[in-house]
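Asker:
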Amino acid sequence: MAVNYDREKQELTRRNFVSLSGWGIAGIATLGAAGVFGRFFWPNVQYGPPSKFTIGKASGYTDGVKQNIADQKVTIVKHGSQLGAISMVCQHLGCTVAASATGFDCPCHGSKYDDMGNVTHGPAQIALYWFDISLTPSGDLEVDKSKKNDPGHYYNIV
Ligand code: FES
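Mapping of the sequence shown onto the working numbering: residues 69 to 226, in sequence order.
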């Protein structure tokens, strides 16, 4: 009798083991399925270039001179104790404008802007953006292209 009892006890243990393993596998499969399902709620984000870039010190700019930062499509202008960062992206269809004696000219469809980026000749209807400029802890100035403003949004040089 004692042998049967031990055998029965051993079978219960095996049964428990098989049962627990089954639940474990089912749990892992459920978590995996939930992970795949949950992935649909995460957007496939494509990261572009950073919106911020440094432009050095204010002393590196000459009063009244437009200084292009071609790879960023931004022109830095200094007017007295103020600096401005003007977008060089045409507000018509996005061509890159070129600095001219009177302001900015678009080579694509002939839009013209004055020195402040205001439209003087269409087809563009909206002025060029001015971006935020701020001082970094290192003492360099930083332009943030994600902060778009109307013409005349200067940074005051301290
Ligand atoms: S894109 Fe500049 S005028 Fe059309």
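Quick reminder that beta carbons are idealized off the backbone N, C-alpha and C, glycines included. None of these values were measured; they are calculated from a predicted model.
1) Taking N217 as part of the beta strand (DSSP E), name the residues at either end of that continuous run.
2) With DSSP as the reference, label I225 as helix, strand or coil.
3) Taking the DSSP output, what are the residues bridged to K141?
4) Where does I93 fall in DSSP's three states?
5) What is the rounded straight-line gap between the Cα of L151 and the Cα of T170?
6) Given that a residue counts as buried once 16 or more other Cβ atoms are within 10 Å of its Cβ, and exposed if not, what is G185?
7) Using only Cβ atoms and a threshold of 5 Å, which residues come within that distance of a heavy atom of ligand 1? Order them by chain position.
8) Does DSSP put T98 in a helix, a strand or coil?
9) Take L209 and list the residues in its own chain whose beta-carbon comes closer than 8 Å to its own, dropping the five residues that flank it on each side.
10) Since S197 and S155 are thought to touch, with beta carbons under 8 Å apart, how far apart are those beta carbons, to the nearest angstrom?
11) With DSSP collapsed to three states, give me the class of L59.
12) Apart from the five residues just before and just after W159, which ones in its own chain have a Cβ nearer than 6 Å to its Cβ?
13) Taking the straight line between their C-alpha atoms, what separation do you get for S89 and A102?
14) Distance check for V104 and I93, CA to CA, integer angstroms please.
15) In whole angstroms, what is the alpha-carbon distance linking H189 and K216?
Answerer: Based on what the coordinates show:
1) Note, N217: beta strand (DSSP E), L209 to N217.
2) coil
3) In DSSP, K141 forms no bridge with anything.
4) helix
5) The straight-line gap from Cα to Cα measures roughly 18 Å.
6) buried
7) C158, H160, L161, C163, C174, C176, H177 and S179
8) helix
9) T122, I123, G124, K125, A126, L151, I201, S202, L203 and Y223
10) With the sequence shown as reference, residue 197 is identified as Tyr, and Ser is not the correct amino acid for it. That belief holds up - the Cβ atoms of Y197 and S155 are roughly 4 Å apart, short of 8 Å.
11) With the chain covering 69 to 226 only, the question about residue 59 has no answer from this structure.
12) For the record, residue 159 in the displayed sequence is Gln; it is not Trp. Only A192 and I194 meet the Cβ criterion.
13) 20 Å
14) So the alpha carbons of these two residues sit roughly 17 Å apart.
15) The straight-line gap separating the alpha-carbon atoms of H189 and K216 is approximately 22 Å.
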